[in-house]
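Asks:
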Amino acid sequence: MEKDRLIIIDGNSLVNRAFYALPPMNTKEGTPTNAVFGFVKMLVGLVEKYKPTHLAVAFDLPKPTFRHKRYDGYKATRKSMPDDLRVQMPLLKNILSKMHIQILEQEGYEADDILGTVAKRFEGHTFVVTGDGDSLQLISDTTTVLVTKKGISELLELTPQNMVEQKGMTPAQVIDYKALCGDTSDNIPGVKGIGEKTATGLLQEYHTLDGVYKNLESIKGSTKDKLVQGKEMAYLSYELATIDTNVPMETPKDACVLVFPFGAGVRAEFENLGFKTLLKMERIFAPSEGVMESQKCAAVVCQHAQIKDQEGLQQVVRSLGDKVGVHIETNTVHLSDGSTEYTMAISDDLFGSLSLATVMGCLKETLENPQQQIIGYDCKQLMREADKYGVGVTAYFDVRLAEYILDYPLSQNECANYFESLGTGEDCLATACVARAQEQTVMLQKAGQDKLFFEIELPLVQVLFAMEKTGMRVDTGVLSNLGKQYSQKLLELSAAVQKLAGQEFNLNSPKQLGKVLFEDMKLPYPFKNSKTLSTAVDVLSEVQDESGIIDLILQYREIAKLNSTYIEGLLRLATDGVVHSDFRQMATVTGRLSSTEPN
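Sequential numbering from -11 applies to the sequence shown in my numbering.
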């Protein structure tokens, strides 16, 4: 099986390069777009060439980082972002969101640090795309750096095998090199008077910054004097040039899964921005898109009628044909035969309103009739409501599920918003279901997705509902006994930790724990550049040998997690000893099922 491949892009670097490489472009309203266009064009080229399974874009935040706090002059000579580029940043992030591409930002750190952290953690091969030479230090057997050379189309691919040939140094020596001769773009000082040629020569001879200073006696003339006088600044520059690959951030692999070709939202954004060149590249859009754009119904036109009592409802039910739109809201039920929208207020309290029990009783024969197709938005939810009153749903068409298949992977919010937009101001939601189902049937056939929808996904709705209704039995007695044992063990571990610490504190507070460990007990904090005292597992693991208190803390956390998630969590959800989960068919971009309450 081919390994996963991640492309992670230095967003600020590439959008900056695109801005200066391309001539001005504007929307009809006059908003500049050249940087966004160039960035997206390059992104598409990368996807088509390297065929990644995952993709993410890292951005700097407009706030000081740990490097600024370490050295006031860091990047002090940089010009501020031009106004015509600044206004494009929200446009770029919006279009990346439409592409379902993960945006990564972390206060106190630069995009370089995020690139390094993600590349280090990713299980597979990573391609780092940047115009910044700092990232060359990340090159390894599992990380290739793609450096922009000319405009936005030419890239230099650097690996451990060709790095020395192309740059005259190893990846690790990039830091030593900047420590010696500095970096004018970031205003890293280096050693005053040491230039690029001298720095390269010193590293060829002595390999590292430490090697240079260990062999000072072998270095002659003014070079030695400069090194002696600039030693403190050299090691400060080394610190500034080093990418932090331990940024305290969540980098979920699933969140970076690339979905390509792109969906309808991307095409719409390209049209809004006037990206005609990209719109002509039909291969980058999902096949259903061309059908969808031409067949979407902007609004549903229908007659409206109010149902006020049970007799009126029964008359409407008898007149319904073989396709019935049904949509239930909090206080309203909508029915439709495709041409007329029937609405009725439902309540068990208000005089003159129908109860949902009455409505379901009248609809029972229709909902359970295999000759009448029930068309709705989220049919599993309809099944839940009907089941409360002993009513089943036999033949059905789920508009929301079809939309998910056609515009994969349309998010739940996007799908809901789109569905709402089909109706008019008079809420013809049931009629919208019928109209949309007719369109979707044709679209599914043209897109070659009809077998997937009608034979796999649609029958699965009923299966998942049955699974949820049946539930999973748990032994609450065993769980309760385990809970008592875990609670007692937590008390014992907490007491032991506080005894070793010599003080009482809240062990569940990361802030208090960090202060106790690294300020009061003086344990060495492993990540010197961090502005906060993290107590994450990777931090505690680094100092595990320093004190027996760390083992106790890790045991405490493990048991606390078991107790809260699997004991208290399951007991809270168990009704008569059975847990009824919510299986979600349309929640993930990868197409897998997810479960909530419990996960």
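Every residue gets a Cβ at the ideal spot worked out from N, C-alpha and C, and that includes glycine.
Just to confirm my understanding: we take Asp395, look at its own chain, exclude 5 residues before and 5 after, and list those with CB closer than 6 angstroms. What are they?
Replies: Gly251, Ala252
Asks: Is the separation between the beta-carbon of Ile(-3) and that of Ala46 shorter than 8 angstroms?
Replies: yes
Asks: Output needed for Ala484: all residues of its chain with C-beta closer than 8 angstroms, excluding positions within five of it in sequence on either side, in chain order.
Replies: In chain order, Leu540 place their CB closer than 8 angstroms to the CB of Ala484, counting only its own chain and leaving out the 5 sequence neighbours on each side.
Asks: Under three-state DSSP, which class holds Arg572?
Replies: strand
Asks: Relative to the C-alpha of Ser327, which candidate in Ala293, Tyr544, Thr346 has its C-alpha closest?
Replies: Ala293
Asks: For the putative contact between Val116 and Leu126, defined by C-beta atoms under 8 angstroms, what is the C-beta separation to the nearest angstrom?
Replies: Taking a contact as a CB-CB distance under 8 angstroms, the pair Val116 and Leu126 counts as one, their CB atoms being some 6 angstroms apart.
Asks: Got a sec? Which residues, its chain only, sit under 6 angstroms from Leu43 by beta carbon, not counting five neighbours each side?
Replies: If the five residues before and after Leu43 are omitted, its C-beta is found closer than 6 angstroms to the C-beta atoms of Ile(-5), Ile89, Leu246, all from its own chain and listed in chain order.
Asks: Please report the straight-line C-alpha distance between Ser522 and Pro498, rounded to a whole angstrom.
Replies: 7 angstroms
Asks: Going by alpha carbons, who is nearest to Gly502 out of Val527, Leu488, Glu17?
Replies: Val527
Asks: Who are the Cβ neighbours of Glu534 in its own chain at under 6 angstroms, not counting the five residues just before and after it?
Replies: Leu511
Asks: Per DSSP, which residues does Tyr384 bridge with? Please list them.
Replies: Ile362
Asks: Report buried or exposed for Pro159, applying the criterion of at least 16 other Cβ atoms within 10 angstroms of its Cβ.
Replies: Pro159 is buried by the Cβ-count criterion.
Asks: Rounded to whole angstroms, what's the CA-CA distance from Lys39 to Val32? Just pull it up for me.
Replies: 10 angstroms
Asks: Near Tyr59, which residues of its chain fall below 7 angstroms by C-beta distance, leaving aside the five closest residues on each side in sequence?
Replies: Leu224, Leu228
Asks: Among all the DSSP beta bridges, which residues are the ones paired with Asn14?
Replies: BP columns for Asn14 point to Pro20.
Asks: Alpha carbon to alpha carbon, how far is Glu153 from Gln532?
Replies: 41 angstroms
Asks: Below 8 angstroms, can you find three or more Cβ-Cβ pairs linking the stretch 453 to 460 to the stretch 418 to 433?
Replies: no
Asks: For Ala333, name the three-state secondary structure that DSSP assigns.
Replies: strand
Asks: Between Ser341 and Thr331, what straight-line distance do the alpha-carbon atoms span, to the nearest angstrom?
Replies: 12 angstroms
Asks: Taking 8 angstroms as the cut-off, decide whether the C-beta atoms of Ser552 and Ser569 are in contact.
Replies: no
Asks: Does the distance from the C-beta atom of Asn319 to that of Ile334 stay below 8 angstroms?
Replies: Yes, these two residues count as a Cβ contact at 8 angstroms.
Asks: DSSP three-state call for Glu585: helix, strand or coil?
Replies: coil
Asks: What do you get for Ser1, buried or exposed, if any count of 16 or more other CB atoms within 10 angstroms of its CB means buried?
Replies: So Ser1 ends up on the buried side.
Asks: Tyr8: buried (16+ other C-beta within 10 angstroms of its C-beta) or exposed?
Replies: It counts as exposed.
Asks: For Arg461, write down the residues that DSSP places opposite it in a beta bridge.
Replies: Val566
Asks: Give me whichever residues DSSP pairs with Ile316 in a beta bridge.
Replies: Val321
Asks: Check the C-beta distance from Ile231 over to Gly104 and give it rounded, since I have them as a contact under 8 angstroms.
Replies: 4 angstroms
Asks: Where does Gln94 fall in DSSP's three states?
Replies: coil
Asks: Does the separation of the CB atoms of Gly218 and Lys166 fall below 8 angstroms?
Replies: no
Asks: Just to confirm before moving on: does the CB-CB distance between Ala383 and Gln428 stay below 8 angstroms?
Replies: no
Asks: Of all the options Leu558, Lys439, Arg(-7), Pro586, which has the alpha carbon lying nearest to the alpha carbon of Thr132?
Replies: Thr132 has its Cα closest to that of Arg(-7), out of Leu558, Lys439, Arg(-7), Pro586.
Asks: Do Leu478 and Ala548 have their C-beta atoms closer together than 8 angstroms?
Replies: yes
Asks: Is it a yes or a no for the stretch 308 to 315 touching the stretch 349 to 367, going by three-plus beta-carbon pairs under 8 angstroms?
Replies: Yes, the stretch 308 to 315 touches the stretch 349 to 367.
Asks: Can you tell me whether Thr576 is buried or exposed? The criterion is at least 16 other CB atoms within 10 Å of its CB, across all chains shown.
Replies: exposed
Asks: From what residue to what residue does the alpha helix (DSSP H) around Phe7 run?
Replies: -1 to 9
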